[in-house]
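Visitor:
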Amino acid sequence: MVVVRNRLNQRLIVNLIGGKNIDLLAKSKAEFSGEESLSPHLQTLIAKGDISVVETIEEQVEEIQLTRKKGKSKKSTK
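One rule links them: number in this note's numbering = place in the sequence shown (from 1) + 132.
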């Protein structure tokens, strides 16, 4: 999964593979699956800078795991 953010001050409609659309409000975020993120329209919007990739779900999971490990190590040292 990929999290993207609309950088414009206006709504964007992103055309995805298979005829599906996602309506992104101004400055809002949305999640796309790996397959959906391969959409040519989405890739064009990213290349133009209208949409930015904020993070992937894998990065979020890694961050959560690191936070939990730090929390456990602090508790065990007390």
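Each residue gets a CB set at the ideal place from its N, CA and C atoms; glycine is no exception.
Source: prediction; values computed, not measured.
Just confirm the distance between the C-beta atoms of H173 and V146, as a whole number of angstroms; I'd bet it's less than 8 angstroms.
Guide: The beta carbons of H173 and V146 sit about 6 angstroms from each other, so the pair counts as a contact at 8 angstroms.
Visitor: Can you name the start and end residues of the beta strand (DSSP E) that A158 belongs to?
Guide: Per DSSP, A158 belongs to no beta strand (DSSP E) and is neither H nor E.
Visitor: Less than 9 angstroms between the C-beta atoms of K161 and N138, yes or no?
Guide: yes
Visitor: Do you know offhand how far L170's Cα is from G203's?
Guide: 37 angstroms
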